[in-house]
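In what follows, a single structure is set out as structure tokens and then discussed.
Number of protein chains: 2
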Amino acid sequence: MEIVFDLYQDKIKDQTKIEVLGWVRSNRNNGKLGFLVINDGTCFDDLQVVYKKETISNFDEIASVRLSSAIKISGIFTLTPTAKQPFELQATAIEVLDLADENYPLQKKEHTHEYLREIAHLRAKTKTFNAVFRIRSSAAFAIHEYFNRQNFVYVNTPIITGNDAEGAGESFIVTVRDDNKYHEDFFGKKASLTVSGQLHAEGFAQAFRSVYTFGPTFRAENSNTTRHAAEFWMIEPEVAFSDLNDIMKLAQGMVKHVIKYLFDHNHSELSFLTANVDAELLTRLQNVYESEFAQTSYTTAIDLLLAAVKNGQQFINNDIFWGMDLQTEHERYLCEVINKKPTFLIDYPKDIKAFYMKINDDNKTVAACDLLVPGIGELVGGSQRENDYQKIVNRCLEMKIPTPDLQWYLDLRKYGYYKSSGFGLGFERLVMYVTGMTNIRDVIAFPRTPKNLLF
Amino acid sequence: MEIVFDLYQDKIKDQTKIEVLGWVRSNRNNGKLGFLVINDGTCFDDLQVVYKKETISNFDEIASVRLSSAIKISGIFTLTPTAKQPFELQATAIEVLDLADENYPLQKKEHTHEYLREIAHLRAKTKTFNAVFRIRSSAAFAIHEYFNRQNFVYVNTPIITGNDAEGAGESFIVTVRDDNKYHEDFFGKKASLTVSGQLHAEGFAQAFRSVYTFGPTFRAENSNTTRHAAEFWMIEPEVAFSDLNDIMKLAQGMVKHVIKYLFDHNHSELSFLTANVDAELLTRLQNVYESEFAQTSYTTAIDLLLAAVKNGQQFINNDIFWGMDLQTEHERYLCEVINKKPTFLIDYPKDIKAFYMKINDDNKTVAACDLLVPGIGELVGGSQRENDYQKIVNRCLEMKIPTPDLQWYLDLRKYGYYKSSGFGLGFERLVMYVTGMTNIRDVIAFPRTPKNLLF
């Protein structure tokens, strides 16, 4: 009987004879007695295997088995209540299925994250990246589950798009030609990679009320920071008949659902990352899970930042004024120092926000929200959408946004649009937040950044 | 109290006073008594609203409310056990939230699918497309649930890639330039859109044993058929330590899980499509759900096709020989006429399959499988992967596949690879299969095909 991923499920009785296939993570021996640490990929925790010269026939072969080799162990599953690990496998027979090369790059020593990026095809075999990508997978499922339970329809908005209203100058071109004759190109016009599925999602929200996207988006921004990648995944829910308050509740619920899911399913991974990557991780997630997110208007935030500067707070940019675009340092100060918890900043000046956001009655601000979280800054950006056809057309004119390609989108307002609100969550930002990893390159399987297209 | 999507959940008691927001789908009256059909987007089925001149103050306004307008109804939820619909709402007050334009394109008459493609931003408001996109969403969730329950790790393989080993000549180029100086381009080299996440998924399977991708893939094939799109979504599971038989079981289980999920969650939609689009739909899905899929070797299939031709069967291509690439007509004959159920065709000639497939002991065939389903043809293509480093390198040489960009992939074989198998499922093919829709453009929210980049 081959056993997979049941080892840690309390399903196996002491002294049961089992068979395990897995990869060698460490191997040491004293000539008579050996210990293998193996992992079969099905759970984060490893299995310790004890092998003895007196018990297995090929002790010398096993004693020299190299890291990452695939092996098969038959043995007795043995509870070890007094040892560090809860159980071990007493081998009765071990077979080498595939001996790894001796030049396996992940020998048992610490490697820098920078080095591991160069071997992204192997780094998930390390404990840290194994934990990160398990958590990424769980977070993705938790998000699907969250929306599914609330009856949202999942919509795959297009990746290749002819609109570039939002992403002017920052879009990748998609072509089959090596000249620029786009009218003779595959689509008969210039095509680019999407920067957001929101506009299309709004259309579907008019049919299904509550929809969400979860797919890749792209930015051709030539910025080499720890928080930007050319290719990343976004979650964009859109809810008809709803206003800004409704979607702030939705965003808060989503973040908490993800954290709860990870507590329930990835405790080993979170504990490992807390011990090895970010000592505050578990505490921070627990705090976020238990707190009611704060809400501060942009106007109040400016007053608070001005007061802070007056009282001696030094930002890199101390030139605080109403109408400015807040920087990450300001956002973090607001949620980390002032509110000490995740904070929705709402009602931004219309001039620093997108054309589709609903203008408030003051005619100066828009019904927008950014969710700022300690340690990261902006995690979510959302808004209530302008529902009035004439107002949104005027806004396009004011902001010099060409409307012909957007006509279908503007037309949605003509057919019972009433209200609609939604937000966008950068999935990698969320994964960084729930793993403690500080570089976006380390939460993406094969990251794409300027001048970097390995694998 | 506003009610959403609970109407059909048997949670509301007869004669309860409720409030509903929704869009008008039809509206008729005789001057004293009117009937509105409304839908609030949260479930497929509609709600009938009865309004009377003697009961509501604005009867004339409501009587002239146009299709797709957003309205709010207060009324008494009333069970109607003897009527066609199980309940109705007896309005006590109706408010028009947003009156739709009179030029709303979906007036109450039949529209062709071709016409509806031109208004893809609105077509999900029709019953047919509402059903299709609800089912698409459910099928996506069912797939995530299927793999999640079996402890698979979901991996987002890259969309932009530097490898084009598999997709030579059929890939879209991704660039920020309008010349072809790729060495000065964003990534410093030529980049293209992925045709498959398999190679990267294999890497992750070596760390997590069982992984799957679910993301968009691209083909720049200039073919205008009912089954091809330039952008479509694929599901690609990859399982280390597993062989061809294991992943055929996995594929069969996945198809059945999706069907079961739809039976449990989308009965209204499936019934509607059976009544209006494909009369065989429910029967076919029930049959597939109950049948054990057949297995036929390619060599046997050729013998069966030769015999069929000998007995008078006329294919468009009657030139049947061992080594040929089967066409859809042959595939459909095998599963529809001979086996009469979904059929795995296995052990194809190596020369018509990809370089990474494991060569069988006969040295002529590879451990590959295609799942052929009645009405569609190929739904799934999978294989056991060549695990021997030298054999796969030789195969690349034979097939003239350049190896430098693939070295990381080939190197996976050096570090305890042992076995690995996986398959790819075209998600839109599956959605066509479970909805009865016959054109891929009608199961994609905003389809991308040659010379077509609307929205």
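Sequence lines, in order, name chains U and S. Last residue of the first sequence? That's 455 in full-length UniProt numbering, and every number before it is there in order. Last residue of the second sequence? That's 455 in full-length UniProt numbering, and every number before it is there in order. Quick reminder that beta carbons are idealized off the backbone N, C-alpha and C, glycines included.
Review point. By how many angstroms is the C-alpha of A220 (chain S) removed from the C-alpha of K190 (chain U)?
Key: If you take the alpha carbons of K190 (chain U) and A220 (chain S), they lie about 15 angstroms apart.
Point to revise | Contacts that E336 (chain S) makes with chain U (C-beta to C-beta distance below 7 angstroms) | key: Within chain U, no C-beta atom comes less than 7 angstroms from the C-beta of E336 (chain S); the nearest is roughly 30 angstroms away.
Exercise for review: Please check if any C-beta of chain U sits within less than 9 angstroms of the C-beta of Y115 (chain S).
Suggested key: Among the CB atoms of chain U, none fall inside 9 angstroms of the CB of Y115 (chain S).
Check your understanding: Using a beta-carbon distance below 9 angstroms, is A367 (chain S) in contact with chain U?
Key -> Any Cβ of chain U closer than 9 angstroms to the Cβ of A367 (chain S) would place that residue at the interface, and such an atom is absent.
**Study point:** Within-9 angstroms CB hit, H257 (chain S) to chain U
**Key:** With its beta carbon at least 9 angstroms from every one in chain U, H257 (chain S) lies outside the interface.
Practice item. Can you have a look at F133 (chain S) and say buried or exposed, based on whether 16 or more other CB atoms are within 10 angstroms of its CB? Key: By the 10 Å Cβ count, F133 (chain S) comes out buried.
Check your understanding: Which runs of the beta strand (DSSP E) fall wholly inside the region 309-385 of chain U and span at least 3 residues, in chain order?
Key -> If only uninterrupted beta strand (DSSP E) runs of at least 3 residues are considered, those enclosed by the region 309-385 of chain U are 343-349, 365-373, 377-384.
Point to revise | Cutoff 8 angstroms; reference E329 (chain U); Cβ partners in own chain excluding five residues on either side | key: Cβ neighbours of E329 (chain U) beyond the five flanking positions: F315, I316, N317.
Check your understanding: Terminal residues of the continuous beta strand (DSSP E) containing T92 (chain S)?
Key -> First-last of the beta strand (DSSP E) with T92 (chain S): 87-98.
Check your understanding: Are L244 (chain U) and G426 (chain U) close, meaning C-beta to C-beta below 9 angstroms?
Key -> Not closer than 9 angstroms, so no.
**Study point:** Continuous alpha helix (DSSP H) stretch holding Q206 (chain U): start and end
**Key:** Segment 198-208, the alpha helix (DSSP H) holding Q206 (chain U).
Review point. Could you give the uninterrupted runs of the beta strand (DSSP E) lying entirely in the region 185-272 of chain S, keeping only those of 3 residues or more?
Key: Whole beta strand (DSSP E) segments, 3+ residues: 191-193, 210-218, 231-240.
Practice item. Identify the continuous beta strand (DSSP E) that holds E118 (chain U) and give its terminal residues. Key: Per DSSP, E118 (chain U) belongs to no beta strand (DSSP E) and is neither H nor E.
Point to revise | C-alpha distance - Q85 (chain S) paired with K125 (chain S), whole-angstrom precision | key: Those two C-alpha atoms are separated by around 20 angstroms.
Point to revise | Neighbourhood of K72 (chain U) by C-beta distance below 6 angstroms, restricted to the same chain and skipping five residues each side | key: For K72 (chain U), where only same-chain residues beyond five positions count, the Cβ hits under 6 angstroms are L21, E95, L97.
Exercise for review: Taking 9 angstroms as the cut-off, decide whether the C-beta atoms of P450 (chain S) and I440 (chain S) are in contact.
Suggested key: For P450 (chain S) and I440 (chain S), no; Cβs fall outside 9 angstroms.
Check your understanding: To which residues of the same chain is Q15 (chain U) closer than 8 angstroms at the C-beta, ignoring the five residues directly before and after it?
Key -> Closer than 8 angstroms at Cβ, skipping near neighbours: I76, F77, T78.
Practice item. Take R149 (chain U) as the anchor and find which of U:V174, U:H121, U:L250 has the nearest alpha-carbon. Key: Nearest neighbour of R149 (chain U) by Cα position, chosen from U:V174, U:H121, U:L250, turns out to be U:L250.
Review point. If we cut at 9 angstroms on Cβ distances, does P404 (chain U) have a partner in chain S?
Key: Residue-level contact by beta carbon fails for P404 (chain U) and chain S, as no gap is shorter than 9 angstroms.
Point to revise | Local conformation of residue 500 (chain U) per DSSP, three classes | key: Absent from the model: residue 500 (chain U). The displayed extent of chain U is 1 to 455, so no value can be given.
Check your understanding: Taking only beta-carbon atoms, is T161 (chain U) less than 9 angstroms away from chain B?
Key -> The displayed structure is made up of protein chains U and S, and chain B is not among them.
Check your understanding: Hey, does G426 (chain U) have any beta-carbon neighbour from chain S nearer than 9 angstroms?
Key -> For G426 (chain U), no Cβ of chain S is located within less than 9 angstroms of the residue's own Cβ.
Review point. To the nearest angstrom, how far is it from the Cα of A70 (chain S) to the Cα of Q107 (chain S)?
Key: Each residue's CA atom was taken as its position, placing A70 (chain S) and Q107 (chain S) some 15 angstroms apart.
Point to revise | CB of L334 (chain S) within 9 angstroms of CB of I320 (chain S), strictly | key: In this structure, the beta-carbon distance from L334 (chain S) to I320 (chain S) does not fall below 9 angstroms.
Practice item. State the DSSP-derived secondary structure class of K108 (chain U), mapped to helix, strand or coil. Key: Looking at K108 (chain U) - three-state DSSP - the assignment turns out to be coil, as it is neither helix nor strand.
**Study point:** For Y389 (chain S) and Y411 (chain S), the rounded distance between their alpha carbons
**Key:** What sits at residue 411 (chain S) in the sequence shown is Asp, not Tyr. The straight-line gap from Cα to Cα measures roughly 7 angstroms.
Review point. CA-CA distance, E336 (chain S) and P342 (chain S)?
Key: In a straight line, the C-alpha of E336 (chain S) is about 8 angstroms away from that of P342 (chain S).
Check your understanding: Which chain U residues sit within Cβ distance under 7 angstroms of N156 (chain S)?
Key -> For N156 (chain S), the chain U residues whose Cβ falls inside 7 angstroms of its Cβ are W233, A445, in order along the chain.
Exercise for review: Run down chain S in chain order and give the residues with a C-beta less than 9 angstroms from the C-beta of F208 (chain U).
Suggested key: Going along chain S in sequence order, the residues near F208 (chain U) (Cβ under 9 angstroms) are G41, T42, A124, N130, F133, R134, S137.
Review point. Is the beta carbon of E238 (chain U) sitting closer than 9 angstroms to the one on F204 (chain U)?
Key: Closer than 9 angstroms, so yes.
Check your understanding: Starting from E19 (chain S) and walking both ways along the alpha helix (DSSP H), at which residues does that stretch end?
Key -> That residue, E19 (chain S), is in no alpha helix (DSSP H); its beta strand (DSSP E) goes 16-29.
Point to revise | Cβ of I359 (chain U) within 9 angstroms of any chain S Cβ | key: Not one chain S Cβ lies under 9 angstroms of I359 (chain U).
Practice item. Give every residue of the same chain whose Cβ lies closer than 6 angstroms to the Cβ of A368 (chain U), excluding the five residues on either side of it in the sequence, and list them in chain order. Key: Answer for A368 (chain U): Y348, K353, M357, S383, listed in chain order.
Check your understanding: Taking the beta strand (DSSP E) that residue 456 (chain U) falls in, what are its first and last residues?
Key -> Outside the displayed span of chain U (1 to 455) sits residue 456 (chain U), for which this structure offers no information.
Practice item. Using only alpha-carbon positions, find the residue among S:T296, S:D303, S:D361 that is nearest to K340 (chain S). Key: Closest option to K340 (chain S), Cα to Cα, is S:T296.
**Study point:** Rounded straight-line distance, which links the Cα of G424 (chain U) to that of S74 (chain S)
**Key:** Cα to Cα, S74 (chain S) sits roughly 33 angstroms from G424 (chain U).
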